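Report on the structure given below.
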Amino acid sequence: MIYILSQVASLCSKMNSVDKDYRFMATNDLISALQHEYFKLDDESEKKVVSTVMRLLEDKNGEVQNLAVKCLGLLVTKVKENYVEQIANSLCDGMKSTSEQLRDISSIGLKTVIADIASQTQLAVLLCKLIVSRLLSVIPRAQDPSVQLEALDILSDILKKYGGLLADHHSNVQDCLIAQMTSSRLAVRKRATIALGQLVICNSNSLFVELMRYIIGELNQNRSLSTTRTYVQCIATISRQAGHRIGNYVDTLMPLLFSFSMQQDDDEFRDYCLQALESLVLRCPKEVTPYVMRIVQICLEYLKYDPNYNYDSDDEDMEDESDADDDDDDDEGDYSDDDDVSWKVRRAASRCINAVIRSRPELLYDFYRNVSPTLISRFKEREENVKSDIFSAYVTLLRQTRTLATVETRTDAMDEDGPNSMLQGQIPSIVKALRKILKDKSVKTRQGCFSVLSEVCQVLYGALNDHMTSVMPGIVYSLSDKSSTSNMKIDTLLFLQCVLTHHEANVFYPHIDVLVPLVIDKVSDMFYKVISEALFVLQHLIKIMRPLDGNKQSLARYDVHARNIYKSTVARLETTDIDQEVKERAITCMGHLISNMGDILPSELKSCLPILVSRLRNDSTRLCTVKALTTMANSPLNLDLTMILPESIQLLSSFLRKNSRALKLSSLTALNILIQKFGRLMNDQLCDNVFCEIPSLINESDLHVSQLTYHIKGGVGITEISVTTRCCGALNALLGFICQAIRNKIPKMNPNEVLQMLTHPIYYPESQGQGSLAIHKQAFYSVAKCVAGIIMESSDLSTTVVQQLIRDLESASSSVSVKMFTLLALGEIGRVVNMSAFQNLKSVITSAFSSSSEEIKSAASFALGNIAAGNLAEYLPFIFKEIESESKKQLSFVNPHIRQPCNHLLHMNLLFQSCEKAGGEGIRNMVAECLGKLTILDPENLLPDLHNHLASNSSFVRCTVVNAVKFAISEQHHQVDLKLKQYMGDFLKSLEDTDPNVRRVALVTLNSAAHNKPSLIKDMLDVILPSLYDKTIIRKDMIREVEMGPFKHTVDDGLDIRKAAFECMYTLLDTCLDKLDIFQFLNYVEEGLKDHYDIKMLTYLMLIRLATLCPNAVLQRFDKILDPLRATVMVQVKALAVKQEFEKQNELKRSALRALTSLMKIPDSDKSLQLNEFLQQINSNPAISSMFETIKNDESGSGTFIHTDFK
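Numbering of the sequence shown is given in the UniProt record's numbering, commencing with residue 1 and proceeding in unit increments.
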């Protein structure tokens, strides 16, 4: 929209009107005009508009003034630079006015202009330099403190958004702010401190060093309490904003802060000191390490610091639990003293403790021994805000414990003396401390109690088994209290869900009669969220009152509660004008009620089922209803659902045509269960409704859907089959279907016909319209398994089929595909059928090892191994005899499919001899797998022998030995583990082997141990890590040049070793994080960011993981991490590069940008100057910006925090 000049003149005229309404409307219209992209003004109109808007800043009407201020932010982007200068100067002059109103409106105007102008533009540079120059003259000379405060606020805003553009002014700004640190007014000193915090993000290193020297010098001199307090506050601010820069000064600052915190008799000062310690703990975790325990000691001391109040600690011990309801006499929270600021010290101490716990998961043992008891004892804190922070600190401790417990559960058994065990011993103290305050008048306090108890339950299953009687009154109080807010009710119900799911059912039986009526009452609440959570709790209560697990006892009288639950749930089920979440929860709750208690609700069942069918027809509730129907049909109570069966089957069949995959999968599951339960009652029409949808569902593009479809086909007799061998992923379901069909003697499903249909695409590939290999390679294995399954169902066919397979294998006219299939089929059959009757089988399979096709040789190995597994007595001696022969081809007989025990070391020695003669890595891998699995069978005898071969002069043998250890390590616990731990150190010394292949295999073995059995290596990581890190370094002696015609090609022989090392590092992050020095770890990650393509891809994944596990450490290294990321993202591919190079670089950029999104989710990442500059570069490049936007959209909702520029 283009405004003509006459319209602008008219607006200006109205803006000068004496009528305030005219001025208001005209200014509003001007704002609308300025928002249009094509709004243009000539020089005269610009002058007129600017002068008119500036005049309105002094308007007597406040609403007009506010609109004029809003107009300024848009106007500066539309007018020439000289008018922008005029606006800025006018606003700066207004800040010095004697009129308080004009000063206020001018400062607001400046803030608006600064906020609205685009960064990284010439206009922004010009405007900011102009305003900063004026502010630097105003701040030291202003007589009115309010002018100074506003000027400092504006300076902070400018430094925050445009600090990097003002490098020429940084020195003057720093001098100005330092001067204000000694102001007589506390508010001025605070604003100057805040501005300095913004400056240190972007100022030069020399200026930062100068600033720190000045502050430390002033702290040492300690001239006055007031100024020293300000400098301590400044240290806290600087470390919060630029913690990575202040790390070098920690050793100097810590003694000063310790001294000030303990010596000065000033609570405000102690508060500032503890805040500074908290900030340093979070921002400089590595440098603070030597001081952590001292910080904890100080915090614990001040956590109990309350000199003006006597808590009378003996009262709790003397109190009888039956008197817990008499909380009206408890007036602890009523104590008040306006001069008492000791609560600030306790709050700062609790926050500092929280920071220490959050940043030091490796000290959990010490925290439970020293910190946890003190925190528990301080749950009685009288000040609500302090109590909330204490709860928060304890929740942090529990969450760290939960994280550690998750890792230990995934990898090894938990330490009996670990944090979990220590927490278990402190549960009585926690419950005792919380029992009384669970009925506190303060909602915030009760919410804090529930958050602590919820975390306890999630860390330790059954934590409150012996304490439910103490906790239940608090739950009842919060649910029954008329004054409870909706949030309080929701938090109580969420806690109740947590408790119900983390304890056995019998724990709640004494309390069911109280709980159920209370929860039912909440289903009638006015707020939808309360209703939803109450319905969810009822689901759990239903399963507790009558578990369907036959091993669990039901509540004696659940029928009365069942009817009451039904009444409350059906009332919500019948209501249509309610929130979607309530609808879904009501449907799910009713599904569980019918599934668990439907047999005692016969009349209710008849009235409820039609309602559920109506919900099945509704688009918004059909998915949830399908799941509820599945739950009901799957009930062991054998409920009568025949009244809704025809309509349900029809609707479910129609859902199979929908695009929603979730609906399709749920419908298939429901149909499968309904057919199994009620298939005999289904007429032909219903069967046709289901099976006419099936062919389109069997597709290799979605094997999960295919698998569920096969389950349905196997559940009921069908008249024809259209099996495609492509669906190899649904193999078990397909096998079950075929075997069931043959057993039921379904027409067109006799064994011979099925065999023909299965093998036709292999024997006659031309009929499939595809190449020589008609089907996917994996499908050969699947078809072979199906053939074996048919043989098991029809044993009379075995001789005929095997003989035909042997003839096809011997035939010179058979294709590679046919020979490969026959070998695989013989192997699958041989696994379950004794093949000793076929005398020529050995020679036929042996001859296959001479084939030039690797696929045939591999299939022959598979076949012989499986046949031997089915007949060890005959085939195992034959295999070892062949291995003893010195013919290289016979080494392929080494096959890991034989997993039966051997009675002597001869076979192991034969394997080692084969290994020494082997030239191919594939053969050595098979030998290693055999050795590893043999070792599992007899570790006492075979592991020492394996260990002895580490000293072999042959690198092939050493490589195979270390590789064999990898195969001896598995996720399951085994007797080999204890023995293996004794030798693990020696095996991993191969990391320093002279042969690079041995070093690489040692890294792979280390990775396997770290992933499957971290207990094998945890105690020796101090020795292993230096060697591991060394393998990540690029070695020039392993890089060589190869001449290829006129060109020279660089070959890096160390790449595979580095890849294996970085993969191992990634695994250690998940399983051994507590044993890693994360800063040392980051050093090598940073180098990996500059390495080869494959290494970069690995390190990007590591960055994503590190951003979640160790955000503070990563934040400290932003400058070193972002530079290589920037180099990768902004690199330009050469115009003459091939398509593959373009794709490779784009994938690298996408991975780097994914890592960047994870870094942006780290709290306070938006304060990083390097990150802001990087993001601005991305925004200025349309192609990269579009790619980044796509990645962010894909990951939306995955994190709670993202950089402010991209919210």
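Even for Gly, the Cβ is constructed at its ideal location relative to N, Cα and C. Because the structure is a prediction, the values reported are computed rather than measured.
Q. Measuring CA to CA, which of LYS439, VAL138, GLN497 is closest to PRO473?
A. LYS439
Q) Span of the beta strand (DSSP E) holding VAL1051? A) 1047-1052
**Q.** Beta-carbon proximity check, GLN1145 vs VAL1131, cutoff 8 angstroms
**A.** yes
Q | Residue from THR1067, ALA1127, ILE1057, ASP1056 with nearest C-alpha to GLU1086 | A | ALA1127
Q. So GLU1043 is in the beta strand (DSSP E); what residue range does that whole segment cover?
A. 1039-1044
Q) In this structure, does DSSP put ASN308 in helix, strand or coil? A) coil
Q | Neighbour-count burial assignment, ALA586, 16 or more Cβ in a 10 Å radius | A | buried
(Q) Tell me the rounded alpha-carbon separation between ALA349 and TYR305. (A) 10 angstroms
Q | Same chain, Cβ closer than 8 angstroms to LEU991, neighbours up to 5 away in sequence not counted | A | ARG999, ALA1002, LEU1003, LEU1006, ILE1024, SER1027, LEU1028, LYS1031
Q. Hey, how far is the Cα of VAL296 from the Cα of SER342?
A. 18 angstroms
Q) Per DSSP, what kind of secondary structure is THR846 in: helix, strand or coil? A) helix
Q) Under the three-state reduction of DSSP, which class applies to ILE718: helix, strand or coil? A) Only weak support exists for where ILE718 lies, its pLDDT of 37 falling under 50; the value from the coordinates is given anyway. Here ILE718 sits in coil by DSSP.
**Q.** First and last residue of the uninterrupted alpha helix (DSSP H) at ASN1012
**A.** 996-1012
Q | Among LYS966, LEU1055, LYS1161, ASP995, the one whose alpha carbon lies nearest that of SER954 | A | ASP995
Q: Would you kindly work out how many angstroms separate the C-alpha atoms of ILE1034 and GLY164, rounded to a whole number?
A: 35 angstroms
Q. Using the rule of at least 16 other Cβ atoms within 10 Å of the residue's Cβ for burial, across every protein chain shown, is HIS949 buried or exposed?
A. buried
Q: Kindly list the residues whose CB is nearer than 6 angstroms to the CB of GLY109, restricted to its own chain and excluding five residues on each side of it in sequence; keep chain order.
A: VAL69, LEU72, LEU91
Q: Compute the distance between the beta-carbons of ARG446 and VAL386, then report whether it is under 8 angstroms.
A: no
Q. Cβ atoms of VAL613 and ILE649: under 8 angstroms apart, would you say?
A. no
Q: Excluding the 5 residues preceding and the 5 following ASN895 in the sequence, name in chain order all residues of the same chain whose CB lies nearer than 6 angstroms to its CB.
A: For ASN895, the pLDDT reaches just 49, beneath the cut-off of 50, and the residue's location in the model is therefore unreliable, leaving the point undetermined.
Q: State the Cα-Cα distance for the pair ILE131 and ASN89, rounded to the nearest angstrom.
A: 8 angstroms
Q) If you drop the 5 nearest sequence neighbours on each side, which residues of the same chain put their C-beta closer than 8 angstroms to that of ASN465? A) HIS503, GLU504, VAL507
Q. Taking C-beta to C-beta, are TYR558 and MET526 nearer than 8 angstroms?
A. no
Q. From CYS12 to ARG1105, what distance separates their C-alpha atoms?
A. 58 angstroms
Q. Do the stretch 191-204 and the stretch 154-161 meet, that is, are 3 or more Cβ pairs less than 8 angstroms apart?
A. yes
Q | GLY164 - DSSP class collapsed to helix/strand/coil | A | helix
Q. What residues in its chain sit with their C-beta under 7 angstroms from that of ILE1057, if we drop five residues either side in the sequence?
A. PRO996, ARG999, ARG1000, LEU1003, LYS1031
Q | Whole-number beta carbon distance between ALA1155 and LEU1103, since they are thought to touch under 8 angstroms | A | 4 angstroms
**Q.** ALA151 versus LEU127, ARG103, LEU303, residue with shortest Cα-Cα distance
**A.** ARG103
Q) Taking all protein chains shown into account, do 16 or more other C-beta atoms lie within 10 angstroms of the C-beta of ASP19, making it buried, or fewer, making it exposed? A) exposed
Q: Classify THR1190 as buried or exposed, calling it buried when 16 or more other Cβ atoms lie within 10 Å of its own Cβ.
A: exposed
Q. Do ALA276 and ALA236 have their C-beta atoms within less than 8 angstroms of each other?
A. yes
Q) Does any heavy atom of the ligand NAD sit closer than 7 angstroms to the C-beta of THR403? A) Looking for the ligand NAD in the displayed structure turns up nothing, as the structure carries no ligands at all.
Q | 8 angstroms contact criterion, which GLY1088 and ILE1078 should meet: CB distance rounded | A | Actually they are not in contact, since the Cβ atoms of GLY1088 and ILE1078 sit about 15 angstroms apart, beyond 8 angstroms.
Q: Identify the continuous alpha helix (DSSP H) that holds GLN426 and give its terminal residues.
A: 419-435
Q: Spatial neighbours of THR569 within its chain, please: CB distance less than 6 angstroms, with the 5 preceding and 5 following residues excluded, ordered by chain position.
A: ALA586, CYS589, MET590
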